[in-house]
Structure formats: C-alpha cells, structure tokens
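Peer 1:
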Amino acid sequence: MPSLSTPAADPSTSDSTPTELDSLLTQAAQLGQTGQPVAAATLCQQVLQQYPDSAQAWHLLGLSVLQQGQPQNALNHIKQAIALDPSIPIFHTHAGVAHCSLGELEQGITCYQNALALQPQAVEARYNLAIALQKMNRLNEARSAYLHVLVQQPQHVMAHYQLGKLCQQQQQAAEAIAHYQQALAIDPQFMPAQTALQSLRPAVASAPVPTPPTPDTITCIADDGFQSWLSQAAGSIAISTYQAGKLALVGWNGQQVSLLLRQFDKPMGMAVQGNRFALATRHQVLLFANSPVLAHAYLEDQPGRYDALYLPRAAYFTGDLNVHDLAWGEEDLWLVNTRFSCLSSLSSDFSFVPRWQPSFISEVVPEDRCHLNGLAMVEGQPRYVTALGATDTVGGWREHKATGGILIDVPSHEIILHGLSMPHSPCWHNGKLWLLNSGAGELLQVDPQSGEARVVCTLPGFLRGLCCVGSYALIGLCQIREQHIFGGLPVQERFEQLLCGVAVIDLNSGERVGLLEFPQGCQELYGVQFLPQVLRPTILNIEKNETRQAFTAPDIAYWLRPSSEITA
Numbered sequence: 168m169p170s171l172s173t174p175a176a177d178p179s180t181s182d183s184t185p186t187e188l189d190s191l192l193t194q195a196a197q198l199g200q201t202g203q204p205v206a207a208a209t210l211c212q213q214v215l216q217q218y219p220d221s222a223q224a225w226h227l228l229g230l231s232v233l234q235q236g237q238p239q240n241a242l243n244h245i246k247q248a249i250a251l252d253p254s255i256p257i258f259h260t261h262a263g264v265a266h267c268s269l270g271e272l273e274q275g276i277t278c279y280q281n282a283l284a285l286q287p288q289a290v291e292a293r294y295n296l297a298i299a300l301q302k303m304n305r306l307n308e309a310r311s312a313y314l315h316v317l318v319q320q321p322q323h324v325m326a327h328y329q330l331g332k333l334c335q336q337q338q339q340a341a342e343a344i345a346h347y348q349q350a351l352a353i354d355p356q357f358m359p360a361q362t363a364l365q366s367l368r369p370a371v372a373s374a375p376v377p378t379p380p381t382p383d384t385i386t387c388i389a390d391d392g393f394q395s396w397l398s399q400a401a402g403s404i405a406i407s408t409y410q411a412g413k414l415a416l417v418g419w420n421g422q423q424v425s426l427l428l429r430q431f432d433k434p435m436g437m438a439v440q441g442n443r444f445a446l447a448t449r450h451q452v453l454l455f456a457n458s459p460v461l462a463h464a465y466l467e468d469q470p471g472r473y474d475a476l477y478l479p480r481a482a483y484f485t486g487d488l489n490v491h492d493l494a495w496g497e498e499d500l501w502l503v504n505t506r507f508s509c510l511s512s513l514s515s516d517f518s519f520v521p522r523w524q525p526s527f528i529s530e531v532v533p534e535d536r537c538h539l540n541g542l543a544m545v546e547g548q549p550r551y552v553t554a555l556g557a558t559d560t561v562g563g564w565r566e567h568k569a570t571g572g573i574l575i576d577v578p579s580h581e582i583i584l585h586g587l588s589m590p591h592s593p594c595w596h597n598g599k600l601w602l603l604n605s606g607a608g609e610l611l612q613v614d615p616q617s618g619e620a621r622v623v624c625t626l627p628g629f630l631r632g633l634c635c636v637g638s639y640a641l642i643g644l645c646q647i648r649e650q651h652i653f654g655g656l657p658v659q660e661r662f663e664q665l666l667c668g669v670a671v672i673d674l675n676s677g678e679r680v681g682l683l684e685f686p687q688g689c690q691e692l693y694g695v696q697f698l699p700q701v702l703r704p705t706i707l708n709i710e711k712n713e714t715r716q717a718f719t720a721p722d723i724a725y726w727l728r729p730s731s732e733i734t735a
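According to the working numbering, the sequence shown holds residues 168 to 735 in order.
Below is the structure:
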C-alpha cells in the first residue's frame with residue numbers, strides 16, 4: 168500500500184507569519200499523527216476561515232480528508248495548496264497518493280516525479296512511485312525505484328517486502344526470499360513477509376541461503392528503453408569501473424539483460440578489434456582473445472549459456488602509468504600514457520615506448536603535466552586526443568580543470584578546441600568527431616576544420632566512456648566521489664542529483680532512448696565498449712582456475728577436464 172505520512176507543520180511554507188497560525192498548524196498536524204483525522208480537518212477548516220492563503224493549512228486539510236477515505240475531496244484541497252506554493256515536495260507526493268487512490272496511476276506517477284524533481288532524496292515519494300509503477304506492470308522501473316529507496320534507507324521494511332513481491336512476479340524466487348528474509352530481519356513480527364515466505368516454502372527448501380545485499384554489492388537496473396535497444400543491437404557492452412575494481416559485461420540472453428562482473432585491479436581503458444580485447448589495469452595492459460568454441464562448453468551443466476569467452480593471452484607489465492584510453496592501430500595497440508603525458512606503445516623490453524607528445528610538453532617525465540586522457544583513431548592512426556589543460560608543470564591542469572580542457576589534432580599538434588570542462592573519450596564515427604565535455608555533462612559533435620562544437624545532449628552525470636554504434640552512442644555517466652578532483656564543475660550546478668550508468672543516445676535527435684543505471688555499489692565508470700556479434704559474453708582473469716584449463720591453437724580448442732588430464 169502507499170506510504171502516507173503526516174508532516175509536522177512548517178511555518179516557513181506559509182505566507183502568514185503569526186505565531187497563532189504556527190500553533191494551530193502544529194495542533195492540526197499532531198491530530199493527524201495521532202489518528203484523529205476528523206478533528207484535524209475541523210481545525211484546518213477553522214484555520215482557513217482566518218488564513219485562507221495558508222498553503223500548509225490546505226495541505227493538512229487534504230491530508231486529513233484523505234485519511235478519512237475521501238480521495239477526491241483530498242485532491243481538491245491539496246491542489247489548492249500546490250497552487251499557493253508549488254515548491255513543497257510533500258504536497259506533490261500526497262497529491263500523487265490521492266490520484267492513485269482514485270485509480271489514476273499515470274497522474275499519480277507525474278505527481279511523484281514532480282516531488283522528486285524538487286527533492287531527489289524524498290524517500291516517501293520514490294517509494295510511492297515504485298508502488299504505482301508496479302501496479303502498472305512497469306516492473307523494471309519499479310525495481311529501480313525500490314532499490315533507490317533501499318540505498319537511502321536500508322532498513323525500509325516495506326521496500327524490501329514490495330521488492331520481494333516484484334521478484335515473485337518475475338519468477339525470481341531466490342531474490343524474493345532474500346528480500347522477505349531481510350524484511351523479517353528488520354521486523355521479525357512483520358506478518359506479510361512471514362506469509363509470503365510460507366507460500367514460497369518449496370522454493371525456500373531448494374534455494375541456496377541468500378546473502379543480503381551490502382553497500383558494496385553492485386546492482387544495475389535496465390529501463391525498458393535500454394532493454395529494447397540491447398535486444399536488437401546484435402552485441403553486448405563492456406564497462407570498466409576502476410572505483411569498484413570490476414569489469415562488467417552486459418549481455419542479452421534472449422529474454423532479459425544479463426550482467427557478469429569480473430575483478431581486476433583498477434580497470435580503465437579498453438579496446439576491441441575482432442576477437443581481440445585489451446584492458447588497461449593499474450600496473451599492466453592485458454590482452455585477451457575470444458574462443459567461441461570453448462565458450463559454448465565453459466559450463467558443463469549449462470552448455471551454450473555463453474557465446475563468447477575472452478581468455479587472457481598476454482600481460483605487459485608497464486608499472487603505474489595511469490593508462491587511460493586504449494586503441495588498436497594498424498600495427499599495434501596505442502595507449503594514452505597519462506602519467507608521462509604522451510601516447511605510447513607496448514614493448515617486451517621496456518615499460519613503454521613513447522610515440523607522441525603534445526607540443527607544449529617539454530619532456531617525457533612522470534608528472535601528469537596535462538592529464539592526457541582520450542584518443543580517437545582515424546584509419547588506424549591516432550588523430551585526436553583530449554587533455555585537461557595545455558600545461559607543462561606537475562599537475563598544472565588542476566588549477567583550471569573546469570574550463571581548461573582541450574582537443575588536439577595529433578598530426579599537426581594544433582589545439583582545435585579550448586575552454587572544455589574535463590573532456591574525455593573522443594570518437595571518430597561515420598565521418599564525424601564526437602567527444603564528451605565531461606564536466607558539463609555534454610556530448611559534443613565537433614567540426615575539426617572550423618573548431619565549432621554542437622551540444623548533442625546533456626546528461627545528469629560526469630561523462631566518461633563513449634562508444635558509437637550505428638546511429639546511437641553509448642555514454643558512461645558517473646557520480647562525483649572525489650570532490651577534491653572533480654568538485655566545482657558545471658554539471659553539479661546543472662543537476663541536483665547525478666547518476667551512475669550507461670545511457671543510449673540517438674545521435675540524430677539527441678534523445679536518450681535508454682538507461683542502464685547502477686544505483687548501488689558503483690559510482691564511477693571509465694570505459695564503455697561495444698562487443699559486436701557477441702550476445703552472452705564472459706571473461707576470465709588469471710585468478711580463475713579455468714584459465715589454466717583452456718587450450719587454444721589456430722585450428723583446435725580444448726578444455727582440460729578431469730577425464731582428459733595426463734597422469735604420470
């Protein structure tokens with residue numbers, strides 16, 4: 168059922184200031200809180216005779232009438248409160264409750280969204296939004312809203328219970344059990360959860376003991392638009408998050424979005440070329456190769472679950488170069504060597520081989536002088552790079568990070584664009600140059616000849632990770648965790664709340680057509696790459712024992728199973 172709370176009177180929301188009005192509003196609120204809605208309504212009516220422009224009095228009257236089971240009258244009163252003062256989130260929340268009580272779910276959802284636009288952390292509004300979405304069978308959106316509630320209030324019994332019911336609707340018994348048990352751990356006497364668990368008794372007996380989610384557990388929610396896009400994209404997505412130390416592979420199993428997480432030490436830039444996959448980590452650049460044959464048989468009890476298996480094939484020990492972007496060239500792999508302010512290639516003899524540096528960098532030294540980060544290739548050659556400043560001193564880019572970003576043409580060393588806000592991820596696609604003006608939350612299309620930039624869209628996040636697929640762009644959104652590095656950026660002034668996830672953007676219209684959101688366990692992403700013709704991928708790190716059991720050659724592929732082991 169919806170959540171309905173009676174707020175304490177807030178004199179600041181009224182146009183009147185007499186202490187008598189404050190006292191009367193407090194009395195009315197207390198009557199509502201103690202289960203006396205009739206007396207509360209009577210007092211509010213008396214108050215309104217003397218103070219007809221008191222928005223708080225109209226709201227409390229509507230709330231007390233709503234508690235008496237008169238949603239239409241309640242809605243009329245609350246609308247009067249909103250007309251007098253539309254800036255109070257709880258007014259919109261309770262208007263939403265009234266609409267939903269009348270069966271007007273769409274109008275109720277709009278009211279809850281209005282409340283959240285005013286106060287993104289409004290738990291009651293988000294919980295009620297989840298209830299309404301669930302009633303409309305918009306289950307993925309409802310799940311996202313419930314998870315948001317639990318991130319803010321992990322002890323929210325009703326959110327756990329309702330999320331359990333939602334999981335049952337989606338035939339996810341183990342998850343439903345986990346949420347019901349979590350509700351009972353918070354309130355052992357909560358009968359609805361006890362009853363729900365009893366109804367799942369056969370599943371309880373066969374299910375593994377669920378582990379309740381912790382704040383470090385990464386959860387993701389794909390909205391309907393993202394699911395629709397991915398189901399038709401003929402590929403999957405790789406996402407790196409150095410903050411959580413994970414590489415995420417997001418696939419489509421024919422019915423829903425799948426998520427596989429694999430541990431790596433500070434995963435950053437990625438590059439994809441055919442069956443090859445490269446990943447930059449804290450001290451290494453790792454090279455993987457896909458073996459579709461071994462993928463099919465990876466799980467003996469679930470053959471065909473995966474259609475791609477990326478096996479580690481080489482590791483270059485570079486040291487902590489703070490490698491950002493990677494890109495395959497005509498001959499080898501290019502890396503953005505941020506610590507040494509240059510583009511580099513790999514070597515079996517050295518930590519790296521410097522290949523190019525901006526003209527304003529006087530020497531290749533480990534001082535992160537301009538925070539070189541992004542690389543766009545054209546016809547197999549480095550063509551455009553981004554940096555956070557045209558500076559040649561130790562960390563010199565930090566002083567003007569919000570406005571000092573630049574885009575450089577590699578062959579000519581010419582600075583094409585100045586005044587960017589922490590730019591990242593340039594990308595050459597369909598004969599056009601795109602990049603992220605990250606600190607402003609903007610996707611830009613740039614004309615390299617004129618230096619003109621057009622804002623394609625603006626998103627609620629620090630943007631990092633751009634991959635273009637056909638007429639769409641995949642863009643990584645980050646929250647801002649490290650204020651000493653990322654504080655004071657335009658995107659923070661533009662949006663009250665930033666998201667972490669991957670947005671799908673129509674490059675023609677600039678519209679956001681889908682969102683994969685990480686509401687918990689992950690705040691910052693780095694790279695986003697599309698894996699074409701791969702729907703259900705997995706990847707092995709060197710810690711996985713299966714890495715030592717897989718053998719491939721140009722014409723053969725074998726798993727070393729117990730039955731085929733060589734014995735002395």
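Note that the Cβ used here is the ideal one computed from N, Cα and C, for glycine as well.
This structure is a prediction, so every number in the text was calculated from the model and none was measured.
Using 10 angstroms around the beta-carbon of residue 190, count the other beta-carbons present and answer buried if the total reaches 16, otherwise exposed.
Peer 2: Walking along the sequence shown from the start, residue 190 turns up at place 23. Burial call: exposed.
Peer 1: Starting from the Cα of residue 449, find the closest Cα among 428, 489 and 414 and give me that residue.
Peer 2: Position 282 of the sequence shown, counting from 1, holds the residue named residue 449. It is 489 whose Cα lies nearest to the Cα of residue 449.
Peer 1: Rounded to whole angstroms, what is the Cα-Cα separation between residue 238 and residue 230?
Peer 2: By one-based count along the sequence shown, residue 238 stands at place 71. By one-based count along the sequence shown, residue 230 stands at place 63. When rounded, the distance between both Cα atoms is 9 angstroms.
Peer 1: According to the Cβ coordinates, are residue 233 and residue 245 closer than 9 angstroms?
Peer 2: One-based indexing of the sequence shown puts residue 233 at position 66. One-based indexing of the sequence shown puts residue 245 at position 78. For residue 233 and residue 245, yes; Cβs fall inside 9 angstroms.
Peer 1: If the criterion is Cβ atoms closer than 9 angstroms, does the pair residue 645 and residue 631 meet it?
Peer 2: As a first step, residue 645 is located in the sequence shown; it is residue number 478 there, counting from the start. As a first step, residue 631 is located in the sequence shown; it is residue number 464 there, counting from the start. Cβ atoms of residue 645 and residue 631: closer than 9 angstroms.
Peer 1: Starting from residue 629, follow its DSSP beta bridges and name the residues at the other end.
Peer 2: The residue you call residue 629 lines up with position 462 of the sequence shown. BP columns for residue 629 point to 645.
Peer 1: Do residue 604 and residue 590 come within 9 angstroms of each other at the CB atom, strictly closer than that value?
Peer 2: Taking the sequence shown and counting its residues from 1, one reaches residue 590 at position 423. Taking the sequence shown and counting its residues from 1, one reaches residue 604 at position 437. Contact: yes.
Peer 1: Between residue 677 and the rest of its own chain, which residues show a CB-CB distance below 6 angstroms, the 5 nearest in sequence each way excluded?
Peer 2: Residue numbering aside, residue 677 sits at position 510 when the sequence shown is read from its first letter. 623 and 624.
Peer 1: For residue 469, count the other beta carbons within 10 Å of its own beta carbon; 16 or more makes it buried, fewer makes it exposed. Which is it?
Peer 2: Your numbering for residue 469 matches position 302 in the sequence shown. Its Cβ having fewer than 16 others within 10 Å, residue 469 is exposed.
Peer 1: Within the chosen definition, does the stretch 251-265 reach the stretch 277-287 through at least 3 CB pairs nearer than 8 angstroms?
Peer 2: A contact exists between the stretch 251-265 and the stretch 277-287.
Peer 1: Beta carbon of residue 549, beta carbon of residue 542: below 9 angstroms?
Peer 2: On the sequence shown, position 382 is the one that residue 549 refers to. On the sequence shown, position 375 is the one that residue 542 refers to. Yes.
Peer 1: What whole-angstrom Cβ distance do residue 633 and residue 642 have, given they're in contact under 8 angstroms?
Peer 2: Position 466 of the sequence shown, counted from the first residue, corresponds to residue 633. Position 475 of the sequence shown, counted from the first residue, corresponds to residue 642. That belief holds up - the Cβ atoms of residue 633 and residue 642 are roughly 6 angstroms apart, short of 8 angstroms.
Peer 1: Indicate whether residue 159 and residue 520 have their beta-carbon atoms separated by less than 9 angstroms.
Peer 2: In this structure the chain extends from 168 to 735, so residue 159 is not present and cannot be described.
Peer 1: Pick from 606, 585 and 289: whose alpha carbon is nearest that of residue 615?
Peer 2: Taking the first residue of the sequence shown as 1, we reach residue 615 at position 448. Checking every option, the nearest Cα to that of residue 615 belongs to 585.
Peer 1: I believe residue 326 touches residue 313 by the beta-carbon criterion, under 8 angstroms. Please report the beta-carbon distance rounded to the nearest angstrom.
Peer 2: In the sequence shown, counting from the first residue as 1, residue 326 sits at position 159. In the sequence shown, counting from the first residue as 1, residue 313 sits at position 146. Yes, residue 326 and residue 313 are in contact; Cβ-Cβ is about 5 angstroms, under 8 angstroms.
Peer 1: Rounded to the nearest angstrom, what separates residue 596 and residue 617 at their Cα positions?
Peer 2: Along the sequence shown, one-based indexing puts residue 596 at 429. Along the sequence shown, one-based indexing puts residue 617 at 450. Their backbone Cα atoms lie some 18 angstroms apart in a straight line.
Peer 1: Residues in the same chain with beta-carbon distance under 7 angstroms from residue 376, minus the five sequence neighbours each way, listed in chain order, please.
Peer 2: What you label residue 376 is simply residue 209 of the sequence shown in a count that begins at 1. Legend: pLDDT at residue 376 = 47, less than 50; position of this residue unreliable, value from coordinates given subsequently. Around residue 376: no qualifying Cβ.
Peer 1: Out of 619, 570, 638 and 598, point me to the one whose CA is closest to residue 658's CA.
Peer 2: As a working mapping, residue 658 is identified with position 491 in the sequence shown. It is 570 whose Cα lies nearest to the Cα of residue 658.
Peer 1: Measure the C-alpha to C-alpha separation of residue 709 and residue 462 and round it to an integer number of angstroms.
Peer 2: Stepping through the sequence shown from its first residue, residue 709 is reached at position 542. Stepping through the sequence shown from its first residue, residue 462 is reached at position 295. If I take the Cα positions, the gap works out to 17 angstroms.
Peer 1: Given a cut-off of 9 angstroms on the beta-carbon distance, is the pair residue 434 and residue 447 in contact?
Peer 2: As a working note, residue 434 is residue 267 in the sequence shown. As a working note, residue 447 is residue 280 in the sequence shown. Yes. Within cutoff.
Peer 1: Along the chain, where does the beta strand (DSSP E) that runs through residue 661 open and close?
Peer 2: The sequence position of residue 661 within the sequence shown is 494, counting from 1. Per DSSP, residue 661 belongs to no beta strand (DSSP E); it is in the alpha helix (DSSP H), 657-661.
Peer 1: Taking just the CA atoms, how far does residue 472 sit from residue 421?
Peer 2: Position 254 of the sequence shown, counting from 1, holds the residue named residue 421. Position 305 of the sequence shown, counting from 1, holds the residue named residue 472. For residue 421 and residue 472, the distance between alpha carbons rounds to 11 angstroms.
Peer 1: In this structure, how does DSSP classify residue 437 when only helix, strand and coil are distinguished?
Peer 2: Numbered from its first residue, the sequence shown carries residue 437 at position 270. In this structure, residue 437 counts as strand in the three-state DSSP scheme.
Peer 1: Alpha carbons only, please: which of 456, 576, 342 and 384 is nearest the one belonging to residue 430?
Peer 2: Residue 430 sits at position 263 when you count from the first residue of the sequence shown. Out of 456, 576, 342 and 384, 384 has the C-alpha closest to the C-alpha of residue 430.
Peer 1: Sorted by chain position, which residues of the same chain lie with C-beta nearer than 8 angstroms to residue 402's C-beta, five sequence neighbours on each side aside?
Peer 2: If you number the sequence shown from 1, residue 402 lands on position 235. Counting only Cβ-Cβ distances below 8 angstroms, and skipping sequence neighbours, we find 636, 697, 698, 699, 700, 701 and 702.
Peer 1: Residue 594 lies in the beta strand (DSSP E); which residues open and close that run?
Peer 2: Residue numbering aside, residue 594 sits at position 427 when the sequence shown is read from its first letter. Taken as a continuous stretch (DSSP letters only), the beta strand (DSSP E) holding residue 594 covers 591-596.
Peer 1: Is the beta carbon of residue 706 closer than 9 angstroms to that of residue 416?
Peer 2: Here residue 416 corresponds to residue number 249 of the sequence shown, with the count starting at 1. Here residue 706 corresponds to residue number 539 of the sequence shown, with the count starting at 1. In this structure, residue 706 lies closer than 9 angstroms to residue 416 by Cβ.
Peer 1: Indicate whether residue 787 and residue 335 have their beta-carbon atoms separated by less than 9 angstroms.
Peer 2: The requested residue 787 does not occur in the structure, where the chain is confined to residues 168 to 735.
Peer 1: Taking the alpha-carbon of residue 303 as reference, which of 504, 276, 321 and 324 has the nearest alpha-carbon?
Peer 2: Indexing the sequence shown from 1 puts residue 303 at position 136. Comparing Cα positions, the closest option is 276.
Peer 1: Which stretch, first to last residue, makes up the beta strand (DSSP E) that contains residue 544?
Peer 2: Working through the sequence shown from its first residue, we reach residue 544 at position 377. Here the beta strand (DSSP E) through residue 544 covers 539-545.
Peer 1: Quick one: residues in its chain with C-beta nearer than 6 angstroms to the C-beta of residue 727, no 5 flanking neighbours on either side, listed in chain order?
Peer 2: As a working note, residue 727 is residue 560 in the sequence shown. Correct list, in chain order: 716.
Peer 1: Should residue 330 and residue 344 be called a contact, given that it needs their Cβ atoms to be closer than 9 angstroms?
Peer 2: Working through the sequence shown from its first residue, we reach residue 330 at position 163. Working through the sequence shown from its first residue, we reach residue 344 at position 177. Contact: no.
Peer 1: How many angstroms separate the CA atom of residue 533 from the CA atom of residue 507?
Peer 2: Translated into positions along the sequence shown, residue 533 becomes position 366. Translated into positions along the sequence shown, residue 507 becomes position 340. Taking the straight line from one Cα to the other gives about 5 angstroms.
Peer 1: DSSP state of residue 679, grouped into three classes?
Peer 2: Here residue 679 is taken as the residue at index 512 of the sequence shown, counted from 1. Of the three classes helix, strand and coil, the one that applies to residue 679 here is strand, per DSSP.
Peer 1: Please list, in chain order, all residues of the same chain as residue 372 whose beta carbon is under 6 angstroms from its beta carbon, the five residues on each side excluded.
Peer 2: Along the sequence shown, one-based indexing puts residue 372 at 205. Because residue 372 sits at a pLDDT of 48, beneath the cut-off of 50, its placement in the model cannot be relied upon, and the point is left open.
Peer 1: Among 685, 621, 424 and 513, which residue has its Cα nearest to the Cα of residue 675?
Peer 2: As a first step, residue 675 is located in the sequence shown; it is residue number 508 there, counting from the start. Residue 621 is the option with its Cα nearest to residue 675.
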